[in-house]
Structure formats: structure tokens, C-alpha cells
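So the structure is just underneath, and the comments pick up after that.
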Amino acid sequence: MNVQSAATRSFSRRNFLGLSAAAASVPLLAACGGGSATQGGGGGAGGTVKFWDMPWATPAYNDSAKKIAEGFSGANNAKANYQIIQWNNFYQTFSSAIASKTGPAVSTGGGFQAFQFEQQGQIAYADKVIEKLKSNGQFDDFLPGVLDPFKSDKGYVAVPWQLDMRVFWYRKSLFEKAGVSLPTDWPSLLEAGKALKKVGAFGFATGAGSGNNYGNHSMIMMMVNNGGGVWNKDGELDLLNDRNVEAIEFVRELVSNGIVDPAAVSYTTDNMSAQWKDGKAGFGLFQVNVPQRVGDTSGDLLVADPITGPHGDKATIVFPNNIMMYKNTPSQEASEEFLVYYLGQLKELWKQKLMSALPVFKSITELPEFADDPNNVKIVKDWQPIAKTFAAQGSTLNANLAALDGGQALNQFSQSILTGQASDAKSALQTFQSGLESVLKK
Amino acid sequence: MSSTTATSGLSRARRGVAPGGSGAVPGKRKSKLSAQTTRTFFWLLLPSVVLLVLIHGYPLIHAAVQATHDGDLLQTGNFVGGENFASVLSSPAFWKAAQFTLWFTIVGVFGSWLVGLGLALLLRTRIPAGNTFKVLLLLPWVVPIVVSSTAWNWLVATPDSLIPSIFRGLGLGTPLFLADPTLASITVMVFKVWVSFPFMMMMISAALASVDTTVYEAASMDGASKWQQFTQITLPLIARSTYISWILMTIFCVNDFPTIYLLTGGGPVSATTSLVVLAYRTVFQDFATGPGVAIAFLMTMTLVVISVILYRQIRKSSVE
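So this is what it looks like as C-alpha cells:
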């Protein structure tokens with residue numbers, strides 16, 4: 007029996023070309039495919055407001071948020087249904103659904119998503135919601151400055167509901183072991199880092215591996231902490247300003263002194279958490295609720311004081327996560343009514359200790375469930391007032407920030423600094439600026 | 002026994018011919034179908050063809066539209082002709098990604114083939130618990146890539162992970178397998194080989210199973226050594242499967258997103274960014290839909306060319 011000839015007969019050129027064309031078209035399908043525009047049942051008609059929410063915390067968060075959303079009962083028997091949208095390819099999910107008019111009426115989402123969809127004419131402005139918040143007293147309950155970044159020339163693009171804050175944390179026992187004081191400014195940060203290195207810990211813990219943006223945030227935070235930022239006050243790219251150059255030169259100094267973990271460039275957020283838990287991270291930028299996140303609630307992990315830049319500036323970065331309304335809704339009034347209702351119920355999420363972010367309402371920061379944690383209190387008292395958005399040195403958020411946050415230009419920049427590949431700060435910033443310009447042109 | 006006798010014996014053996022025989026003549030049967038049968042075939046095929054056109058045709062056309070327009074995922078912008086292709090082709094990032102994709106594919110295809118071939122030959126011999134081994138060896142292919150990439154991450158990511166610790170213990174320093182650009186590239190390729198060799202092993206095992214053992218007996222009788230049997234009987238007889246597995250693995254490697262993205266995200270500093278990762282990042286992180294889809298188009302065209310070349314090899318091997 008000749009095996010080859012049998013195989014030849016059963017495998018023609020046409021069959022083969024068909025098979026290869028189908029297989030080879032996979033990247034095209036992946037790049038342009040419709041994704042999974044999954045729909046919540048029963049939405050879009052009959053006064054049911056479709057509310058899409060992200061997995062902001064553990065599944066218990068989504069269970070609780072669902073209960074709140076489905077507890078809505080508005081005028082004309084308006085109801086709401088709740089659907090979780092996974093972070094994986096979320097922008098594609100939203101885009102596909104919105105394009106096919108099957109998207110949500112109200113949603114949470116990416117930090118700058120509202121501005122992206124506003125640019126495409128899909129967002130319903132929230133001015134009437136703000137008016138209602140003014141009349142029911144909630145407007146005055148907002149923490150200072152959290153609402154302003156959402157005000158565009160045409161109106162409020164979205165309403166903030168939680169603050170994803172970046173603050174410095176430290177491990178107290180490592181500082182005691184190293185016999186060094188907590189840093190208060192850049193020179194003392196350098197000295198503390200050198201002392202921590204001697205006890206086998208890192209004084210500027212960060213990570214820039216797959217899906218981890220803390221490395222990017224650390225870079226921007228240091229620029230902002232020095233009075234700089236990616237943009238100027240008019241919202242134009244301004245990466246090469248002297249303050250940024252100075253800040254990045256300082257980070258390079260931290261890297262060259264071994265104060266940054268040489269493997270940090272590849273760390274995922276899980277790797278970073280492990281470094282904190284294992285006592286390898288002595289000081290570094292992280293989110294709210296680090297002890298809970300890394301699984302060390304012994305009291306050894308504490309929020310540090312903000313540090314002062316060489317010119318006396320003191321600042322950090324914050325991502326004000328927001329709730330947006332879309333034009334595609336069964337009733338704009340119902341969407342607005344739902345949003346006001348939902349904002350009024352947010353305290354339940356913090357009461358149940360489900361959130362890993364700061365609330366936007368003062369009244370929630372005063373809840374015992376929140377205020378019992380001294381780290382939370384310190385963040386609200388010392389860090390929130392000096393927090394600036396990614397739009398710094400400007401103040402208004404916009405769609406361009408989506409291409410900055412998590413985009414290739416910033417990733418490349420951060421990784422080139424963390425690996426020590428960048429020959430100097432200015433050329434690294436120049437490359438960053440060129441990369442960002444090419445993306446923003448498109 | 003002279004080498005001439007051994008060579009002619011091997012030649013006969015490859016054809017599956019006993020000494021003295023003439024072998025089967027590979028006949029070409031031209032089927033002549035009646036017009037009615039042709040019509041029946043046409044109508045039976047039509048639903049599948051329509052379905053295939055809908056499934057593949059629409060996204061392809063949509064992708065072509067996006068690649069030649071600016072705009073974003075939600076709204077196609079102005080027609081820009083070949084501008085997106087030109088900007089992609091003039092971008093150093095594209096060529097860097099293409100270079101990595103080439104190496105990743107070469108190592109992925111031939112690395113997994115060599116390991117798969119070795120293990121397939123080993124499993125062909127009588128070893129204790131051979132079937133259990135076979136199942137265990139399939140695990141890298143069977144386990145979801147999210148799980149295996151997490152496991153690999155924990156093995157190599159930090160200086161205190163297991164593998165760097167072993168290196169340190171052996172006095173070989175502390176290699177940063179994912180943080181050093183060169184080591185990260187090598188690690189990703191080794192990971193790909195590890196994930197893919199079971200597929201190759203299965204393909205080759207299946208091909209080897211169809212080889213008549215009497216062929217080897219005939220070759221032995223003609224005095225062929227084990228190495229001669231391997232190079233002049235085994236390899237030629239599994240050539241068809243080998244080429245097909247190379248084609249498939251080439252497509253798998255070029256299109257492989259999760260292996261790279263989950264382990265390194267394409268870093269550090271783009272060292273492990275392949276074309277498919279670059280396309281993803283361009284569309285979904287830079288929100289530049291046109292250039293991202295243009296990259297995907299270029300990949301597809303390259304894959305078709307490679308596939309056709311390899312297919313010709315298959316035909317050539319069958320003629321020989």
C-alpha cells in the first residue's frame with residue numbers, strides 16, 4: 007500500500023488553499039471582527055435602562071451593584087437591568103454594541119471612554135443630572151475638584167463615582183531594619199532607596215509587565231510631582247519641558263542605583279503584589295487598599311506622606327472613574343433618573359467594604375466602614391487634595407488621554423527607563439513625544 | 002554488502018516494495034462526472050459556500066475598508082488609499098515586529114518539530130508506561146494557555162522565582178528571563194516550543210504509525226544502518242505530514258497572540274512584540290484602526306505566500 011498516493015488523492019490543491027486562506031485570515035478576523043457585543047436581556051425598550059458595569063473588584067462587588075441597579079424604580083415604571091462587561095477587549099465590546107444600537111443606556115467603563123464616545127457623538131451630556139444633584143444636596147457632597155475634569159464646552163461628559171488614586175506605600179519594618187527615615191523629598195527618597203537596598207528591598211517598587219500600568223503611572227506621577235506633566239495648560243503635548251526632564255533624570259538615577267528592581271519591567275500586577283507581600287518592596291507607588299490586595303493586613307504596610315519635588319511641588323495622579331450616559335436610550339429622563347438614583351446608593355458598596363478605590367462623596371469617606379482604616383483617612387486627607395489627572399498640567403479630561411494611558415508610546419517610554427536602555431531623559435522623552443504625536447494624528 | 006545494494010534497497014523500501022518487486026504504479030484517476038452529478042454536487046455545496054462567504058467574506062471586506070480608511074472602530078473615516086500600508090511599512094516598529102515574528106516562527110516550527118519528532122520516535126519504542134507518558138506529554142498542548150503562561154511567569158518572572166534561583170544556586174548569576182530583552186525573546190520562544198511540541202508529536206506519531214514495519218525489515222536485510230533508515234526511510238515517509246505540520250505550525254506561530262501577550266505583553270521595550278501583538282496594540286491601545294488592520298492584512302498575505310510555497314513542497318514530495 008502506498009500511503010503517500012492515498013494521501014495525495016485525499017488532499018487537493020484547492021482543498022489546501024481553502025484551508026490555508028481560512029486559517030491565514032484569522033488575524034484579519036481578529037483585528038476587525040465584531041467581538042462579543044454581548045447584550046443584557048430585555049434592554050432597550052419599555053423604559054428599561056440598560057446599565058453596563060465592569061468588574062471593579064471581587065465578584066461580590068458586582069453582585070451588590072446588580073442588586074442596587076435592579077432596585078431602581080423610576081417614573082413611568084422605568085426599570086434598570088445590569089450587565090457585567092469584562093475588561094478584556096472592553097472598548098471593542100462597547101464600540102460594536104454602540105454601532106449596532108444595542109449598547110447600554112448608562113455605563114461605567116474605561117477612565118477616558120466617555121470622552122472617546124463623546125467625540126463620536128454617542129454621549130448624552132449629564133448637565134441635567136448635575137442639576138438634580140444640586141437640588142438634592144449631593145452636589146455639595148463631592149470631594150473638591152473631582153467633578154471639574156468632566157466639564158467640557160458642551161456640558162458634563164460623565165459623572166465621577168470613584169477615584170483610582172496612586173499613592174506611596176511603605177513597609178514599616180523594612181524602614182526600621184534599614185534604619186532610615188521615611189522620604190519627604192527626592193534626595194531623601196534616593197537615600198532611603200540606598201538604605202533599603204542594603205537590606206535586600208527596593209525603594210521604588212513598580213512594574214511594567216503584561217497588563218501592568220503602574221510603571222507608566224510612576225513615570226507620569228514623578229513628572230506631575232515636579233510640576234510637569236504630559237500636556238501643557240492648553241492641552242497640547244509638552245513632554246520636553248524642563249520639569250519632566252528633571253523628573254525622568256531622577257528616575258534614571260533611581261534605576262542606576264539599583265533602587266528599582268531590575269526585573270520590574272516585566273512584573274505583572276500579581277508579581278508586584280507578591281513583591282510587596284514578600285517584603286521585597288519597601289516603598290513605591292500603588293493603589294488604595296494595598297494591604298487587602300496583597301494579603302498582608304498586619305499593619306506593616308502603610309500609606310506614606312506625599313513627597314515634595316525639588317521646586318516645592320507636591321502632587322500625585324488620580325483616575326476619576328465615571329458613569330456615562332449614551333444617546334441610545336429608551337428614555338433620556340429614565341437614564342438621568344437612574345444615574346441620580348445609583349449615585350445616591352453608592353455608599354452601600356463602601357459600607358460592605360467592596361471597593362478598592364476612594365469614593366467621590368465626602369459623606370462616604372466619613373462612614374465608619376471607610377474611616378476605620380487610617381490608611382484611607384490619610385489618603386483622603388493628604389493625597390486626594392494634591393491629586394491631578396493624566397491631563398496635567400491641564401485640567402480637563404479628553405479622548406486623547408485614552409491613547410496615552412496604556413498606549414504603546416508610554417509603555418515603550420516607561421520600559422526604556424526601567425531597563426536603563428534610555429541614554430538620557432531628554433531623548434527618551436523626545437521619542438515618547440514623537441510616538442504620541444503619531445498616534446494622536448490618526 | 003555494497004553501498005549500491007544498500008541504496009537501491011532503501012529506495013525500494015521507501016516505495017514499500019519487496020526485493021525484486023516493481024511496486025505500485027501511482028495511477029492518476031480522472032473522474033468523469035455526469036452533468037447531473039455535477040449539478041447535484043453544486044447544490045449540495047452551495048449552502049456551505051454561501052456560509053463560508055458570509056463568515057469570511059464580510060469581515061475580509063470590512064477589514065479592507067478599514068485598512069484603506071482612517072477613523073476608528075465605531076466610525077470609518079475618510080478614504081486614505083494605501084496611506085495606512087505606507088505608514089506601517091515605513092515604521093521601524095513594524096520591521097522590528099516582523100523580525101521577531103520571523104525568529105519566533107522559525108524557532109517555534111522547527112523547535113517543536115524536533116522535540117516532537119524525538120519524542121514520537123521514543124514513544125514508538127517499547128518503554129514502560131508509554132501510554133501514560135503520551136498523555137502527560139500532551140498536557141502542554143491541552144492546558145489552557147492562560148494557566149500555562151501564569152505557571153511560566155511564576156517560574157521565571159522575579160529574581161527569586163524557581164529557575165533564576167536554580168541558576169543562582171549553580172553559580173550562574175541571576176538571569177532576568179523576562180526583563181532582559183534578549184532573554185525575554187528566548188524565553189517566549191522556548192515557551193512556544195513547550196506549548197507546541199505535543200501537536201508535532203501527535204502528527205508525527207500518526208505518520209509513523211502508518212509506516213509499514215516490513216519496510217525497515219527490508220532495509221535491515223539490505224544492510225542499512227539505523228541512521229540510514231531514519232534519514233532515508235523514516236523522514237521521507239513522514240515528509241507529507243511534516244510539511245503539513247510545518248504549514249499549520251507556521252500559521253499558529255504567526256497568529257499566536259496569547260503566548261506572547263500573556264507572558265511578556267510584547268516587552269520589554271518591544272523585544273517580544275510580534276506582528277499580531279503589534280496589530281492588537283495599534284488597534285486597541287493606540288486606537289489606530291486603519292494601520293492596525295493594515296498590519297493584519299500584510300500578515301495574511303505573507304502567510305498565504307508561505308503556505309503556497311510549503312504546499313508546493315508537499316506536491317514535490319509526493320511526486321518524488
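Protein chains in written order, with the numbering used here: chain A, 7 to 448; chain S, 2 to 321. All C-beta atoms in this analysis are idealised placements derived from N, C-alpha and C, irrespective of residue type, glycine included.
So, with DSSP's three-state summary, where would you put residue i?
i: Asn142(A); result: helix
i: Trp195(S); result: helix
i: Trp58(A); result: strand
i: Gly82(S); result: coil
i: Pro166(A); result: strand
i: Ser271(S); result: coil
i: Trp192(A); result: helix
i: Ala43(A); result: The predicted position of Ala43(A) is uncertain, since its pLDDT is 35 and thus under 50; a value taken from the coordinates is nonetheless stated next. Coil, per DSSP.
i: Gly199(A); result: helix
i: Pro160(S); result: coil
i: Val32(A); result: Since pLDDT at Val32(A) reaches only 43, below the 50 mark, its modelled position is unreliable, and no value is offered.
i: Arg172(A); result: coil
i: Pro131(A); result: Rather than Pro, the amino acid found at residue 131(A) in this sequence is Tyr. Correct three-state label for Tyr131(A): coil.
i: Leu307(A); result: strand
i: Trp228(S); result: helix
i: Lys357(A); result: helix
i: Trp93(A); result: coil
i: Leu61(S); result: helix
i: Asp388(A); result: helix
i: Gln314(S); result: helix
i: Pro292(S); result: helix
i: Ala434(A); result: helix
i: Thr327(S); result: Past the edges of chain S, shown from 2 to 321, lies residue 327(S), and the structure says nothing about it.
i: Val205(A); result: coil
With residue i and residue j assumed to form a contact (beta carbons below 8 Å), what rounded beta-carbon distance in angstroms separates them?
i: Asn327(A); j: Gly117(A); result: 6 Å
i: Thr243(S); j: Ile261(S); result: 25 Å between Cβ atoms; not a contact.
i: Lys368(A); j: Asp147(A); result: 5 Å
i: Met201(S); j: Ser149(S); result: Actually they are not in contact, since the Cβ atoms of Met201(S) and Ser149(S) sit about 17 Å apart, beyond 8 Å.
i: Val294(A); j: Leu307(A); result: The pair is not a contact, with the Cβ atoms about 12 Å apart (cut-off 8 Å).
i: Phe208(A); j: Gly288(A); result: 6 Å
i: Val294(S); j: Gln67(S); result: 4 Å
i: His70(S); j: Gly291(S); result: 6 Å
i: Val284(S); j: Asp257(S); result: Rounded, the Cβ-Cβ distance is 17 Å, inconsistent with contact.
i: Lys357(A); j: Glu339(A); result: Going by Cβ atoms, the distance from Lys357(A) to Glu339(A) rounds to 29 Å, so no, they are not a contact pair.
Run down chain D in chain order and give the residues with a C-beta less than 8 Å from the C-beta of residue i.
i: Gly268(S); result: Considering every chain present, this structure includes no chain D. Its protein chains are A and S.
Give the interface partners of residue i over in chain A, defined as CB-CB distance under 7 Å, in chain order.
i: Arg282(S); result: Gln414
i: Tyr262(S); result: Ser216
i: Ala220(S); result: The premise fails here: Ala220(S) is roughly 16 Å from chain A at the closest Cβ pair, so nothing lies under 7 Å.
List, in order along the chain, the chain S residues whose C-beta lies closer than 9 Å to that of residue i?
i: Asn247(A); result: None at all; the shortest Cβ gap to chain S is about 23 Å.
i: Ile104(A); result: Leu75
i: Ser101(A); result: Asp73, Leu74, Leu75
i: Thr314(A); result: Chain S residues near Thr314(A): none, gap ~31 Å exceeds 9 Å.
Which chain S residues are close to residue i, counting only those with a beta carbon under 8 Å from its beta carbon?
i: Asn277(A); result: Asn154, Ala158, Thr159
i: Asn95(A); result: Phe285
i: Gln98(A); result: Leu74, Phe285
i: Val445(A); result: Asp287, Phe288, Ala289
i: Gln126(A); result: Asp73, Leu75, Gln76
Closer than 7 Å by beta-carbon distance: list the chain S residues that pair up with residue i, in chain order.
i: Val268(A); result: Looking at the sequence provided, one finds Pro at residue 268(A) rather than Val. The contacting residues are Leu177, Ala180.
i: Ala201(A); result: By Cβ distance, chain S contributes nothing, its closest Cβ being about 20 Å from Ala201(A), past 7 Å.
i: Gln427(A); result: Val270
Whose Cβ in chain A lies nearer than 9 Å to the Cβ of residue i?
i: Asp257(S); result: Result: empty, since nearest Cβ-Cβ is about 10 Å, beyond 9 Å.
i: Thr265(S); result: Gly215, Ser216, Ser272
On a Cα-Cα basis, can you pick out the residue from the options that is closest to residue i?
i: Phe95(S); options: Val305(S), Ile296(S), Phe42(S), Thr303(S); result: Ile296(S)
i: Glu342(A); options: Phe325(A), Ala393(A), Leu139(A), Val152(A); result: Leu139(A)
i: Phe198(S); options: Phe258(S), Ala152(S), Phe42(S), Leu120(S); result: Leu120(S)
i: Leu304(S); options: Thr102(S), Ala65(S), Val189(S); result: Thr102(S)
i: Asp69(A); options: Glu443(A), Gly80(A), Ile90(A), Asn382(A); result: Ile90(A)
i: Ser206(S); options: Gly117(S), Pro237(S), Thr283(S), Thr175(S); result: Gly117(S)
i: Ser113(S); options: Phe253(S), Leu276(S), Asp287(S); result: Phe253(S)
i: Trp167(A); options: Gln390(A), Val366(A), Ala409(A); result: Val366(A)
i: Lys193(S); options: Met204(S), Phe111(S), Ile128(S); result: Phe111(S)
Give the residues of chain A in contact with residue i, contact being defined as C-beta atoms less than 8 Å apart.
i: Ser197(S); result: Correct list: empty, because the minimum Cβ distance to chain A is about 15 Å.
i: Ala185(S); result: Ser272
Practice prompt. Output the residue ranges of the alpha helix (DSSP H) runs that lie fully inside the segment 239-285 of chain A and measure 4 residues or longer, sorted by chain position.
Written response: Taking only runs of at least 4 residues, the alpha helix (DSSP H) segments lying wholly in the segment 239-285 of chain A are 248-262, 275-283.
Worksheet item: Where in the segment 83-156 of chain S do unbroken runs of the alpha helix (DSSP H), each at least 4 residues long, occur, reported from the N-terminal end onward?
Response: Unbroken alpha helix (DSSP H) runs of no fewer than 4 residues, entirely contained in the segment 83-156 of chain S, are found at 84-90, 93-107, 113-125, 131-143, following chain order.
Discussion item. My parser needs the alpha helix (DSSP H) runs of 4 or more residues fully inside the segment 389-414 of chain A; what are they?
Written reply: The segment 389-414 of chain A contains these whole alpha helix (DSSP H) runs: 406-410.
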